[in-house]
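Numbering (UniProt numbering), first residue to last: 1 to 226. Here is the structure we will look at.
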């Protein structure tokens, strides 16, 4: 079965650039907007989150912007960005346990609560990635083409380390609705429904960050009764 790299160059030129071109912008305005968005996100992190935690959240936003820029331009989510988001999440969870004392199942090991929280977050991220991978494979089996790239799966798993299952669902809905809205707004600018190419990571990455920040700023808005 051919992969995109095995498609003859001329066919690649006909099949790919006309879709990517809708999303790519190398203008000065786009670059300035990228810088402003990065700075504003970092500032918002320090405004909304306690200082130590804010360092991790701000760094997470920088990786989010890397994902947005790369996915919009090349339909590519860098592995180092997803890895960075995952490691920051684990570090934030582990560090948080150092200044927020909670009962430990093993009193003789005061660090055990943080270790358990980190392990739980890793399982949570792996589970989220596995679920989306199954969804992607199921879509491919039914439709005959990929509806969800593996980069999106890895990004979802990394982002899920920061979010509980309810928040993950909220972030996924936010990303999906935003993507649909953008497609509808740009349908007259060359992006047709049949083109099928959509940089979903560029919507998922900020949606996860915004969800985390919203929950941090107003957790009572997102409480769900058992």
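Just so you know, even glycine gets a beta-carbon here, dropped at the ideal spot from N, CA and C. Keep in mind that this is a model prediction, so the values were computed, not measured.
CB-CB length for residue 161 against residue 121, believed under 8 Å: Within the chain shown, numbered from 1, the residue matching residue 161 stands at position 161. Within the chain shown, numbered from 1, the residue matching residue 121 stands at position 121. With a Cβ gap of about 5 Å, residue 161 and residue 121 count as contacting.
Own chain partners of residue 58 with C-beta closer than 8 Å, once the 5 adjacent residues on each side are dropped: Taking the chain shown and counting its residues from 1, the one referred to as residue 58 is at position 58. Contacts found: 41, 42, 45 and 46.
Helix, strand or coil at residue 187 [DSSP, three-state]: By one-based count along the chain shown, residue 187 stands at place 187. DSSP places residue 187 in coil when its eight states are reduced to three.
Chain-order list of residues whose beta-carbon lies under 7 Å from that of residue 238 (same chain, five-residue window excluded): With the chain represented from 1 up to 226, any question about residue 238 goes unanswered, as that position is not in the structure.
Assigned exposure category for residue 166 - 16 Cβ within 10 Å defines buried: The count along the chain shown starts at 1 and reaches residue 166 at position 166. Counting Cβ neighbours within 10 Å, residue 166 comes out exposed, since fewer than 16 surround it.
Counted within 10 angstroms of its Cβ, other Cβ atoms place residue 144 as buried (16 or more) or exposed: One-based indexing of the chain shown puts residue 144 at position 144. Exposed is the call here.
Helix, strand or coil at residue 78 [DSSP, three-state]: Against the chain shown, residue 78 aligns to sequence position 78. In this structure, residue 78 counts as coil in the three-state DSSP scheme.
Spatial distance of residue 135 from residue 34 (CA atoms): For this step, residue 135 is matched to residue 135 along the chain shown. For this step, residue 34 is matched to residue 34 along the chain shown. Cα to Cα, the separation comes out at about 32 Å.
Residue 231 vs residue 202 beta-carbon contact at 8 Å: Absent from the structure is residue 231, since the part of the chain shown begins at 1 and ends at 226.
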